[in-house]
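To start, the structure under review is shown below, and the notes come after it.
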Amino acid sequence: MGQTPREVVFQLPLQRGTTPLAQQLAAHIRNLVSDGKLQRGDRLPASRLIAKELGVARGTVSDAVETLIAEGVLEGKQGAGTFVVIEPRVLSPARLHLAAHREVPLNPAPEPDIDAQTEVLIDLRPCRPSVAEFPVQAWRRCMSLAASAPLSSDYGDSQGSYRLRTAICDYLRRARGLRSEPEDLIITNGSVHAMHLLTLAFLNTRSTVYFEDPGYPLARQTFASSGATIAPCSVDRDGLLLESLGSRHRGSALVYVTPSHQFPLGSRLSITRRQQLVAWSDKHNALIAEDDYDGEYRYDVPPLAPIYSLAPERVVYFGTFSKTLFPDLRIGFAVAPRPILDVMRRYRTIFEYNGNSQIQHALATFIENGSFERHILKMRRVYSKKRAAVQERISKEIRTAHVTGINSGLSFTLELDESVDAHQVHRQLTTRGVLLPTISRYCANQKHKVNGLVFGFAEPSIDQLDQGLDQLIAVLNP
Ligand SMILES: Cc1ncc(COP(=O)(O)O)c(C=O)c1O
């Protein structure tokens, strides 16, 4: 202790008339500590000397020093001077950056042309619901009722509004045959948020996540952020291929599936495979993450019970209002075995306590008064019409591509013949202002050979779909 720091230290150019001089000086001293030029135990020169060196008032130096004492960077010792008391690495922005930035793969694989495209005429990307038919009046009434309810001085329930949880449970029982109690459910800011909570509750660096490939990049990144190993698993027209699961794990194991409508290929996991998956997870003590993101929309095929109904003690079921209502509503939920749900709820409490109570109440009313299910019924008819129109044109006018995965959801895949290359088609369409991503964009394993495109048919109007198809036909049938 007690060394006097190097002379160079206080030769800084202070800029008058911008940020207050005391703040500039404090920032400068902070940087010196971060860079290791001032170290723990170093004594600052007397304020009088610093003031003289810099040509500023002593009060300016005292203000800067007091700020840094309050921050815990410096400490004043009676009669001995002012000393640096913090390790330089604690302040280092480079280290903070590294700590916050775990090794998360960059997915979906960037397609610069699609991502940088500013002049979009027709947007055929998947998973985008149509909001043109949204019942604005009914929603406005629900919002207005929620806003007129008495306010609370509390934060609300960290598991989400009990009333909304009850409304969702009743809906899930009616519509999906899923039996649960409000106590089994947590409301979150979208289903990916619920996946984050599951990640915290269940995964660590020793865990393995068996993940559909191609699959939903955001879920993959979410699980990968725990440091868990991601084991990509193949998918075919019946959904996840059970043989590709293996039993590679030593720590906790999670299998992520989109059984109602595999993202992005569109297959439905057959009942046999659902049963096999449950049997596999029993044998290997794994948890199943069932992402039912657009299961409300199914066309000409019978319903299949959620995997959750087969094994509620082994499955976390994720649902969202992003596809049935609109994505920036940011409401989703998870139904989970209670010991897991309890940990998820505790993490939720630490981070933010609860979502927005008024919106949750508005949504509860919207479900209770029947508006939600009326809207879904209407949208099934709207999407059915669009889907039929697109399918008909493709089958009549395109020979080098065929449609798969169109029995449910808001998108399908266009498998391309070997004579055409999906990347080229995608690039050519992008220059024509049509966004139509490749399937490979969603592959964890970029060596995966999939020659196709993912076509979102829900959001564009019939007219826009026609214009998009005109361009696609022009590119595929030159
Ligand atoms: C496969 C899949 N899961 C979940 C979601 C929805 O996530 P959220 O509820 O966070 O909006 C999406 C959105 O596109 C998706 O494609």
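Residue 454 in my numbering sits at position 468 of the sequence shown, with consecutive numbering throughout. Even for Gly, the Cβ is constructed at its ideal location relative to N, Cα and C. Predicted model only: the values in this text are computed from it and were never measured.
Unbroken alpha helix (DSSP H) run spanning residue i, endpoints
i, result
"Y148", "148 to 162"
"S381", "357 to 383"
"G45", "44 to 57"
"H412", "408 to 417"
"T185", "177 to 188"
"L296", "293 to 296"
"F337", "324 to 337"
"L60", "Looking at the DSSP string, L60 is not in any alpha helix (DSSP H); the run it does join, the beta strand (DSSP E), is 60 to 63."
Other residues of its chain near residue i: CB distance less than 6 Å, five sequence neighbours each side excluded
i, result
"N463", "none"
"V376", "F443, L451"
"V90", "No answer about V90 holds up, because its pLDDT of 48 lies below 50 and its placement is not dependable."
"L458", "none"
"T549", "An answer regarding residue 549 cannot be provided, because it is not within the stretch -13 to 464 covered by the chain."
"L84", "Summary for L84: the model assigns pLDDT 48, below 50, so the residue's position carries little reliability; its value from the coordinates is reported in the next sentence. Here the set comprises nothing."
"A460", "none"
"F398", "G252, V389, G391, I392, F441"
"Y196", "A217, C219, L231, V241"
"Y202", "F249"
"S267", "I274, R300"
"R114", "G442, E445"
"N437", "L402, A408"
"H87", "Low confidence applies here, because H87 scores a pLDDT of 46, under 50, leaving its location unreliable; read the following figure in that light. Result list for H87: empty, nothing under 6 Å."
Distance cut-off 7 Å: residue i Cβ against heavy atoms of ligand 1
i, result
"T68", "no"
"F398", "no"
"Y202", "yes"
"Y196", "no"
"C113", "yes"
"Y294", "no"
"H179", "yes"
"Y279", "yes"
"A210", "no"
"S308", "yes"
"G176", "yes"
"A205", "yes"
"F358", "no"
"G318", "yes"
"P313", "yes"
"F441", "no"
"T244", "yes"
"F249", "yes"
Residues of its chain near residue i, where Cβ-Cβ distance is below 8 Å and the 5 sequence neighbours each way are ignored
i, result
"E73", "R26"
"L455", "V376, R379, I380, E383"
"N342", "none"
"I55", "E61, G62, T68"
"L131", "H347, A348, T351"
"A205", "V178, M181, F197, Y242, A275, D277"
"Q262", "L228"
Any C-beta of chain C under 8 Å from that of residue i
i, result
"S48", "Among the chains of the structure shown, chain C does not appear; only one protein chain is present."
Residues sharing a beta bridge with residue i, DSSP
i, result
"E73", "E73 is not bridged to any residue."
"V195", "I216, L240"
"R114", "R114 is not bridged to any residue."
"L273", "L240"
"G465", "Residue 465 lies beyond the stretch modelled for the chain, which goes from -13 to 464, so this question has no answer here."
"D465", "Since the first and last residues shown for the chain are -13 and 464, residue 465 lies out of range."
"G318", "T174, T306"
"V389", "L400"
"G67", "K63"
Element boundaries [beta strand (DSSP E), containing residue i]
i, result
"G305", "301 to 306"
"L35", "Not the beta strand (DSSP E): L35 falls in the alpha helix (DSSP H), residues 33 to 40."
"S230", "Here S230 belongs to no beta strand (DSSP E), and DSSP marks it neither H nor E."
"F441", "438 to 442"
"S134", "Element bounds for S134: not the beta strand (DSSP E) but the alpha helix (DSSP H), 122 to 134."
"L400", "397 to 402"
Contacting residues, own chain, Cβ-Cβ under 7 Å from residue i (five flanking each side not counted)
i, result
"V(-6)", "Here V(-6) scores only 43 on pLDDT, less than 50, and its place in the model should not be relied on; the value that follows carries that caveat. Once the five neighbours on either side are set aside, V(-6) has no close Cβ partner at all."
"P446", "I108, D109, L110, G454"
"T386", "L402, D403, S405, V406, L462"
"F188", "S238, L240, L273, I326"
"C155", "S166, E167, P168, L171"
"G305", "S177, D278, G318, F319"
"V47", "L11, S33, I36, A37"
"P313", "none"
"R236", "R192"
"N431", "D199, P218"
"R316", "N175, G176"
Quick one: any contact between the segment 162 to 175 and the segment 204 to 220, if contact means 3 or more CB pairs under 8 Å?
At 8 Å Cβ cutoff, the stretches do not touch.
Would the segment 276 to 291 and the segment 240 to 255 be scored as touching if the rule is three or more Cβ pairs under 8 Å?
A contact is defined here as three or more CB-CB pairs under 8 Å, and the segment 276 to 291 meets this definition with respect to the segment 240 to 255.
Three or more C-beta pairs under 8 Å: does that hold for the segment 16 to 36 against the segment 58 to 68?
These segments touch.
With three or more beta-carbon pairs closer than 8 Å as the criterion, would you say the segment 136 to 149 touches the segment 337 to 352?
Yes, the segment 136 to 149 touches the segment 337 to 352.
For the 8 Å Cβ check, are there 3 or more pairs between the segment 220 to 229 and the segment 252 to 272?
Yes, the segment 220 to 229 touches the segment 252 to 272.
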